[in-house]
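Undergrad: Residue numbers (this note's numbering): 270 to 779.
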Amino acid sequence: MSTYFLTTAIDYANGEPHVGHAYEKIGADAIARYRRLRGDDVHLLIGMDEHGQKVEQTASQQGVSAQALVDSLAATFCAMWSRLDISYDQFIRTTDQMHRDGVKALIERIFEHNPDDFYEKAYEGLYCVGCESFKQDAEIVDGKCVLHPTRTLERVQERNWFFRLSRYEDFLKRLLTKPSPFLQPESRRNEMLALLDRGLEDVSASRSRLQWGIPFPRPLSSGEVQTTYVWFDALPNYLTATGFPEGDWATRWPADLHVVGKDITRFHSIIWPAMLEAAQIPLPQRVWGHGFVLLGGERFSKSAGVRLDLDEAIGKYGANAFRYFLLREIPFDADGSFSWERFAERYNADLANAWGNLASRAISMVERYFDGIVPAGERTRVDEADVAGLVEYHGAMDGSRGFLLHEALKVVWQSVALGNEYVDRQSPWKLAKDPALRGELATTLASLMRQLARQAVCIAPFMPTKAAELWSQLGAPGTVGEQRFAALADLDATGWAVKKGEPLFPKERG
Ligand code: MSP
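#1: Let's see if you can read the secondary structure: which residues bound the alpha helix (DSSP H) around PHE583?
#2: Given a threshold of 16 other Cβ atoms within 10 Å of its Cβ, counted over all protein chains shown, does SER802 qualify as buried or as exposed?
#3: State the start and end residues of the unbroken beta strand (DSSP E) segment that holds ALA613.
#4: Would the region 746-759 count as touching the region 615-627 if we require 3 or more Cβ pairs under 8 Å?
#5: Shortest alpha-carbon distance to LEU469 belongs to which of LYS442, PHE607 and SER716?
#6: Excluding the five sequence neighbours on either side, which residues of its own chain have a C-beta within less than 8 Å of the C-beta of ALA474, listed in chain order?
#7: Go through its chain and collect everything with a Cβ distance to ALA677's Cβ below 7 Å, but skip five positions before and after it.
#8: If you draw a straight line from the alpha carbon of ALA407 to that of LEU306, how long is it in whole angstroms?
#9: Is ARG457 near ligand 1 - that is, is its Cβ less than 8 Å away from at least one heavy atom of it?
#10: Would you call the region 606-620 and the region 640-653 in contact, with 3 or more CB pairs under 8 Å?
#11: Should the region 632-651 be called in touch with the region 711-723, which here means at least 3 C-beta pairs below 8 Å?
#12: For VAL398, verify whether its CB is less than 8 Å away from any heavy atom of ligand 1.
#13: Beta carbon of PHE451, beta carbon of LEU552: below 9 Å?
#14: Report yes if the C-beta of TYR498 is less than 8 Å from at least one heavy atom of ligand 1; otherwise report no.
#15: Nearest by alpha-carbon distance to ALA613: which of ALA603, ARG753, ASN626 and ALA582 is it?
#16: If THR534 sits next to ARG436, beta carbons under 8 Å apart, how far is it from one beta carbon to the other, in whole angstroms?
#17: Taking the alpha-carbon of GLN322 as reference, which of SER538, GLU423 and LEU489 has the nearest alpha-carbon?
#18: Any heavy atom of ligand 1 closer than 8 Å to the beta-carbon of ASN506?
#19: Give the straight-line distance between the Cα atoms of LEU710 and ILE315, rounded to the nearest whole angstrom.
#20: State buried or exposed for ARG753, treating a residue as buried only when at least 16 other CB atoms are found within 10 Å of its CB.
#21: According to the Cβ coordinates, are ILE265 and MET317 closer than 9 Å?
#22: Output the distance between the C-alpha atoms of GLY332 and LEU579, rounded to the nearest integer angstrom.
#23: For the region 552-570 and the region 586-602, state whether three or more C-beta atom pairs, one from each stretch, are separated by less than 8 Å.
#24: Across which residues does DSSP place ASN429 in a beta bridge pair?
#25: Quick check: the Cα distance between ALA645 and VAL767, rounded to an integer number of angstroms?
#26: Between the Cα of VAL415 and those of GLN426, VAL425, GLU427 and CYS400, spot the shortest distance and give me the residue it belongs to.
#27: Suppose the cutoff is 8 Å on Cβ atoms and the five residues either side in sequence are ignored; what does the same chain contact list for GLY530 look like?
#28: Could you spell out where the beta strand (DSSP E) holding ARG670 opens and where it closes?
#29: Work out the CA separation of ALA631 and ALA701 for me, nearest whole Å.
#30: According to DSSP, is PHE274 part of a helix, a strand, or is it coil?
#31: CB-CB under 6 Å to GLN695, same chain, minus the five flanking residues each way: which ones, in chain order?
#32: Extract the residue ranges of the alpha helix (DSSP H) inside the region 474-504, only unbroken runs of 4 or more that lie entirely within it.
#33: Nearest-angstrom Cα distance between ARG478 and HIS537?
#34: Taking Cβ positions only, does GLN683 come closer than 9 Å to chain D?
#35: Count the other CB atoms, across all protein chains shown, that sit within 10 Å of the CB of GLY584; report buried if there are 16 or more and exposed otherwise.
#36: According to DSSP, what are the bridge partners of TRP557?
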């Protein structure tokens, strides 16, 4: 059995989960569930980034201790991920002792293998607490960080530990140049290569005024013990989650895939591989930099009033429809907009009318014409088209063409459209009137049941609860989660006892 270790970004513990966080976890969860259906031994890691100035500041603004703030937010995030059916195997918190020990061990390992990679330097720069990073001139417009225009940049003058990132320029160029699959999609790779062409500056690895974090393992020559810079603390979570440096960490590491947003692709495709290389630890196989969910073309921003309430969005049509909408509407390799109108359209057209209706009428007809037992029936053009479509579905899900989750859904909905067209063309209600056409009726309904079963499996990564409901209405054996893609081409539904239940997606009233 192949193992598949995938991770998402760990979210900052400075506010409630929002739609952007949810989009990423849902996307990664769809990939994880897809891999399980292939038979892989999957490990999905998510978690929280609990240290740093941003968290420290939020706690002090709220008049609570940083620990109390992160404890309460970790509980809030976990509850949200359960509500959204995120099948995580591990939830790491950077305040965990195991993580703290692992970060220190990683930094020590860099000192051990490449002692010149850390050095002390007095530095002056503009720090964005929103990004938790120093900003270069090109990233500042009108005195503000382009990503956080409502925050004031802090002028920081400190003597810190620095990491010699510049030494890894050639290494990173090779890593990011085709045919290396390390960073995808292509747009992100090009952005990073352009950044490398402008030249890399060394980065600060410790901070002096920050209290809330992990002590940097070695004091400055002055004897001052500083705090590990929050990205040097956060990035290693993927490694420390395996238990590094203890036990059998190397059986899980390297990760197969890091799923992160485009704003932090730089940290994952430049700083993180350089840190690992410096420590002589294998690199993750791949970084996928997804785009952003926008609202009316703009980024969410509490202060700019661009808000979308996650609870309300889930409440509207339920968690599974929300998962479907986000992954269908917002391409996983680019930005896309959330809009209530599009959400309503997709719910009604794709879910209630197309898929839900296909399932409900096909199951009803098996009940009506065959006493609820799926008849035997030859394979039809519907089976052939679906099996051909599976190749495209896998290409969009397995990473070979990138993680184009929206395209995988498009392929499944082509199958749904074909199913509805097939029902209309075959008109089983007419076939049922003529006993001589009983064989044709059986062929039609058997083919539709096989199709719905295949659809349930392909949709399960996206809408696990709805796929399971359909699976049980079909009377199919076992659970949808236990199925394997490899068996889909030969799937046979003969003899299943269907039991029609509530509509999968109730129609909106009014
Ligand atoms: N704590 C860092 C990540 C450290 S990973 C070692 C961080 N946290 S975050 O809370 O700001 O963002 C978490 C993830 O959510 C990031 O991958 C980020 O790109 C993603 N998103 C935040 N807003 C988003 C949208 N509006 N749309 C899609 N994803 C977005 O960065």
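Glycine included, every Cβ here is placed at the ideal spot set by N, Cα and C.
Nothing here was measured: the structure is a model prediction, and the numbers come from that model.
TA: From the atom records:
#1: Position 314 of the sequence shown, counting from 1, holds the residue named residue 583. It should be noted that the sequence gives Ile, not Phe, for residue 583. Note, ILE583: alpha helix (DSSP H), 579-586.
#2: Nothing about residue 802 can be read from this structure; the chain reaches only from 270 to 779.
#3: Residue numbering aside, residue 613 sits at position 344 when the sequence shown is read from its first letter. From DSSP, ALA613 is part of no beta strand (DSSP E) but of the alpha helix (DSSP H) over 609-615.
#4: no
#5: On the sequence shown, residue 469 is found 200 positions in, with the first residue counted as 1. LEU469 has its Cα closest to that of LYS442, out of LYS442, PHE607 and SER716.
#6: If you number the sequence shown from 1, residue 474 lands on position 205. ILE376, PHE387, ASN429, TRP430, PHE431, PHE432, PHE485, THR497, TYR498 and PHE501, listed in sequence order.
#7: Here residue 677 refers to the residue found at position 408 when the sequence shown is read from its first residue. Answer for ALA677: TYR662, ALA665 and MET666, listed in chain order.
#8: If you number the sequence shown from 1, residue 407 lands on position 138. If you number the sequence shown from 1, residue 306 lands on position 37. Distance between the alpha carbons of ALA407 and LEU306 is about 45 Å.
#9: Walking along the sequence shown from the start, residue 457 turns up at place 188. ARG457: no, Cβ never under 8 Å from ligand 1.
#10: no
#11: yes
#12: Working through the sequence shown from its first residue, we reach residue 398 at position 129. Checking every heavy atom of ligand 1 against the Cβ of VAL398, none is found closer than 8 Å.
#13: Counted from its first residue, the sequence shown places residue 451 at position 182. Counted from its first residue, the sequence shown places residue 552 at position 283. Yes, the pair counts as a contact, with Cβ atoms nearer than the cut-off.
#14: Against the sequence shown, residue 498 aligns to sequence position 229. Checking the Cβ of TYR498 against ligand 1 gives no.
#15: Start at 1 with the first residue of the sequence shown, and residue 613 comes out as number 344. When each option's Cα is compared against that of ALA613, the closest is ALA582.
#16: Working through the sequence shown from its first residue, we reach residue 534 at position 265. Working through the sequence shown from its first residue, we reach residue 436 at position 167. Actually they are not in contact, since the Cβ atoms of THR534 and ARG436 sit about 21 Å apart, beyond 8 Å.
#17: Here residue 322 refers to the residue found at position 53 when the sequence shown is read from its first residue. Nearest option by C-alpha distance: GLU423.
#18: Your numbering for residue 506 matches position 237 in the sequence shown. Because some heavy atom of ligand 1 lies under 8 Å away, the Cβ of ASN506 counts as near it: yes.
#19: Mapped onto the sequence shown, residue 710 falls at position 441. Mapped onto the sequence shown, residue 315 falls at position 46. Each residue's Cα considered, the two are about 49 Å apart.
#20: For the purposes of this step, residue 753 is taken as residue 484 along the sequence shown, with counting starting at 1. Per the 10 Å Cβ criterion, exposed.
#21: This structure cannot speak to residue 265, because the chain is shown only from 270 to 779.
#22: In the sequence shown, counting from the first residue as 1, residue 332 sits at position 63. In the sequence shown, counting from the first residue as 1, residue 579 sits at position 310. Their backbone Cα atoms lie some 25 Å apart in a straight line.
#23: yes
#24: Counting from one through the sequence shown, the residue named residue 429 turns up at place 160. LYS390.
#25: Here residue 645 refers to the residue found at position 376 of the sequence shown. Here residue 767 refers to the residue found at position 498 of the sequence shown. Their backbone Cα atoms lie some 14 Å apart in a straight line.
#26: What you label residue 415 is simply residue 146 of the sequence shown in a count that begins at 1. Of the candidates GLN426, VAL425, GLU427 and CYS400, the one whose C-alpha sits nearest the C-alpha of VAL415 is CYS400.
#27: Stepping through the sequence shown from its first residue, residue 530 is reached at position 261. Same-chain partners within the cutoff: ALA278, GLY289, GLU293, GLY558, HIS559, GLY560 and PHE561.
#28: The sequence position of residue 670 within the sequence shown is 401, counting from 1. Unbroken run through ARG670: none, as it is neither H nor E.
#29: Locating residue 701 in the sequence shown gives position 432, where the first residue counts as 1. Locating residue 631 in the sequence shown gives position 362, where the first residue counts as 1. Rounded to whole angstroms, ALA701 to ALA631 spans 13 Å at the Cα level.
#30: The residue you call residue 274 lines up with position 5 of the sequence shown. PHE274 falls in the strand class under three-state DSSP.
#31: In the sequence shown, counting from the first residue as 1, residue 695 sits at position 426. Result list for GLN695: THR713, in chain order.
#32: 499-503
#33: Here residue 478 refers to the residue found at position 209 of the sequence shown. Here residue 537 refers to the residue found at position 268 of the sequence shown. Distance between the alpha carbons of ARG478 and HIS537: 25 Å.
#34: No chain D appears in the structure shown, which is made up of a single protein chain.
#35: Residue 584 sits at position 315 when you count from the first residue of the sequence shown. Per the 10 Å Cβ criterion, exposed.
#36: Locating residue 557 in the sequence shown gives position 288, counting from the first residue. Looking at the DSSP assignment, TRP557 forms a beta bridge with GLN453 and VAL528.
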